[in-house]
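Going by my numbering, the first residue of the sequence shown is number 1259, and it counts up by one from there. Here a beta-carbon is modelled for each residue, glycine too, at the ideal position from N, C-alpha and C. Just so you know, these numbers come straight off a predicted model, no measurement behind them. Structure, as structure tokens:
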Amino acid sequence: MKLKPNQNQLLTPFDYESIMLYGSTSFSKDRRNLRTMEGKNGEYLRDVLSKGKLSPSDIQRIKKLYKC
1259 MKLKPNQNQL LTPFDYESIM LYGSTSFSKD RRNLRTMEGK NGEYLRDVLS KGKLSPSDIQ
1319 RIKKLYKC
């Protein structure tokens, strides 16, 4: 079942530490010097593997989505 855009509103602020967010150098040919993306605030985005766990916001969103 596909949700309509208004059916999936978690109403939480953007989470730069979310495990679902790629790092700044993900998909880069030169991971030391070339960023493929960065946060709107200019912040460096950590790689998914270096995060190691769900962020508090990830947990909150999962609980909201699955009504736990």
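Residue environment for Leu1279: buried (at least 16 other C-beta atoms within 10 angstroms of its C-beta). If you draw a straight line from the Cα of Cys1326 to the Cα of Thr1283, it comes to about 34 Å.
Pro1271 and Ser1286 have their C-alpha atoms spaced approximately 27 Å apart. When rounded, the separation of the alpha-carbon atoms in Gly1300 and Tyr1324 is 33 Å. Under the three-state reduction of DSSP, Arg1319 is assigned to helix. Contact annotation, Ser1315 with Asp1273: C-beta distance approximately 4 Å; criterion of less than 8 Å satisfied.
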